[in-house]
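Below is one structure, written out as structure tokens; the observations come after it.
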Amino acid sequence: MNGPAVNALEIIRDIYNVDQLLSGKEYIRELVKRLAQKLKVKFVMVGHDVEGKGTSVQTDYLFADGKFVDNVVYELEGTPCTKVLCGTRVNCYSAKVQDQFPNDQMLKDLEVESYMGAPFLHTNGGLLGLLVIMDDRPLEDLDLATAVVEFFAARIGAEYRRLDAEESLRRSNEDLEKLVDTRTKQLISQEKLATIGRITLGIAHELKNPLNIIINGTELLQDSDISEQDRARTQTMIHQHGLRANEIITSMLKQARQEVHTTEEWADVSRLLKHAFDVFFKSLNDIELKLKLIKKISITTEVKAQLFDVPAIERVFINVIDNAVYALAEKLQKNKSGYTPELQIELSFKNSRCQIRVRDNGIGIPSDQLKRVCDEFYTTKPPGDGIGLGLWVAKQNIEKNRGSLKIDSRENEYTEVVIELPAVRRDAEVEVSI
Amino acid sequence: MTTPLPLDIVMVDDEASIGELYEMKLRKPIQNGDIRFHFFESANDYLDYLKQSDRHPGAEVLFTDINMPEVSGFELLSKVKKNFPDIDVYMMSAYDDESSIQKSKNLGAKGYFTKPVNYKELQSRIESEYGVSLA
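Protein chains in written order, with our numbering: chain W, 2 to 435; chain B, 95 to 229.
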């Protein structure tokens, strides 16, 4: 090969030989600069069709007089670029381009004499953008310029498409992440409601107690021969139990509320744990388990902790107790005789930390599953019995309160959950406040 | 049925106010010496009392709640029926499901009242079963 072909190949190689680490916009920028230098032209421009209408172009790279300048948007009408955008091949005006496009102000302002443009296309054949070189002198070697411009228009087009693909991938990843985030939030909120659901029976029962007293009390007030003293006492009782019923509903509403807790408040962990157990146990339908169950409850009183989201911590307790009872019920199902289900719940306090220990002698957890039980969406329960968020949410809530949650288990023997939280006992708290 | 007076009416409920209410309700027969009213907040307290007290067979009737912490009404029922079969046991519970009622029957309960207990019903039941006037 000789003559212009060899020359074109050399120039292409020269321009093409850019830093291999460059990619995307940096890469195109470097190509644009080298095109101007190697072809010895004053202007190089790469732009894209605005909104695919074919009426205006937005430049993405505008190289003029040896440097990059601010990008512009220009109307296509009356410019040589219209011709480029219409075709799929190189469009060239080697000299006196202004005569052909007398209304193109930009050509005048830049004193352009020669013009060559080549389009680059989408994979579907639609127009993506264009590469243009312009000079204030006539183009000398037309064949060479044509070969180079055509080649690099194609190369830049490929880069545009790659950037586009990357961008749409990034966007769809972002959309997916958002979707996963939303779904997870929905599921966590479902899990929360499911936990509350597990204790509704207990809450209903809890509510029935004061209501019974209010009902029986008012009946008593209807007796004409009741003494003044008894009447006064009954009225006080009715009022007290009305307040109690109200409190139960208030705390249930607090549980169901969807709010973000950003401040800490003092909570009586002893009472929270006791209440979680009482209300859960009252909700338990399994009469057989209820009758056979040995409960070993040892809760140190007056243990207090500063907690974010107190209702969430109560749900943690409910969840952990629920899991224990589930394991006990499963085992009892399989061994009707010769098995005594046992549930231990302990709250102890030592060295400004409290420890909550919930241990059951139920079905246990196989060792290969043990390390995954706190994972998001990990469950061994059959569909409908759980979605695998209980312990995950529990662990997050405990850790948010500077605590820890650990699980130990042996299949068919026991499971023990140990929760630790920074805490104080009332005596200590009083001392601090004096 | 003739019952040696006074009749011992025992009530076990973890809700202390229930005891207070019934004591007020039964004020008259208590003052008249027709009945003696005993209230315990836990099944264990009553079981301890049973061990210590001198008792007259056929003169004691128990009304117990079912849902109580530690020892449930079912457990109390079965223990009482096992060791003191002559004590009639009535359940008083907010539960009104068939399985709780059936369970109570199987364990030997003589009756089952759903809370809130209708006092008139309870009164007429005691009067007809034990021949004592509560008015």
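Built from N, CA and C at the ideal position, the CB exists for glycine as well. Computed from a predicted model, the values in this text were never measured in an experiment.
- At least one C-beta of chain B is nearer than 9 Å to the C-beta of residue 214 of chain W.
- Taking C-beta separations shorter than 8 Å and ignoring five residues to either side along the sequence, the partners of residue 35 of chain W in its chain run 15, 16 and 19, following chain order.
- Within the stretch 217-229 of chain B, no residue has a Cβ lying closer than 9 Å to any Cβ of chain W.
- Inside the stretch 307-390 of chain W, DSSP marks whole beta strand (DSSP E) runs of 3 or more residues at positions 343-351 and 354-361, from first to last along the chain.
- Per the DSSP secondary-structure output, residue 240 of chain W pairs with nothing in a beta bridge.
- Listed along chain W are 210, 213, 214 and 217, each with a C-beta nearer than 9 Å to that of residue 112 of chain B.
- Nothing from the stretch 310-344 of chain W brings a Cβ to less than 8 Å from some Cβ of chain B.
- Secondary structure at residue 158 of chain B: strand, using DSSP grouped into helix, strand and coil.
- Pairing residue 250 of chain W with residue 292 of chain W gives a Cβ-Cβ distance that is not under 9 Å.
- Beta-bridge analysis with DSSP links residue 128 of chain W to W/122.
- Interface annotation for the stretch 181-193 of chain B against chain W: 188 and 193, criterion Cβ-Cβ distance under 7 Å.
- Beta-bridge annotation (DSSP): residue 59 of chain W is paired with W/49 and W/74.
- Residue 182 of chain B: member of the beta strand (DSSP E) spanning 182-187, first to last residue.
- Interface criterion not met: the Cβ of residue 252 of chain W is under 9 Å from no Cβ in chain B.
- Residue environment for residue 257 of chain W: exposed (fewer than 16 other C-beta atoms within 10 angstroms of its C-beta).
- Residue 35 of chain W: not part of any beta strand (DSSP E); member of the alpha helix (DSSP H) spanning 25-40, first to last residue.
- Judged by beta-carbon spacing, residue 412 of chain W lies beyond the 9 Å limit of residue 346 of chain W, meaning their Cβ atoms are not closer than that value.
- Counting the other CB atoms within 10 Å of its CB gives residue 240 of chain W a total below 16, which places it among the exposed residues.
- In the displayed model, residue 263 of chain W falls within coil according to three-state DSSP, outside both helix and strand.
- Its Cα nearest to that of residue 348 of chain W, the residue W/424 stands out among W/313, W/424, W/64 and W/394.
- Contacts with chain W (Cβ-Cβ distance below 8 Å) from the stretch 137-168 of chain B involve 161, 163, 164, 166 and 168, listed in chain order.
- By the criterion of a C-beta distance shorter than 7 Å, residue 373 of chain W is surrounded in its chain by 379, once the five residues flanking it on both sides are discounted.
- By the C-beta criterion, the stretch 162-173 of chain B is judged to be in contact with the stretch 281-292 of chain W, since at least 3 inter-stretch pairs fall below 8 Å.
- Within a 10 Å sphere around the beta-carbon of residue 369 of chain W sit fewer than 16 other beta-carbons, which makes this residue exposed.
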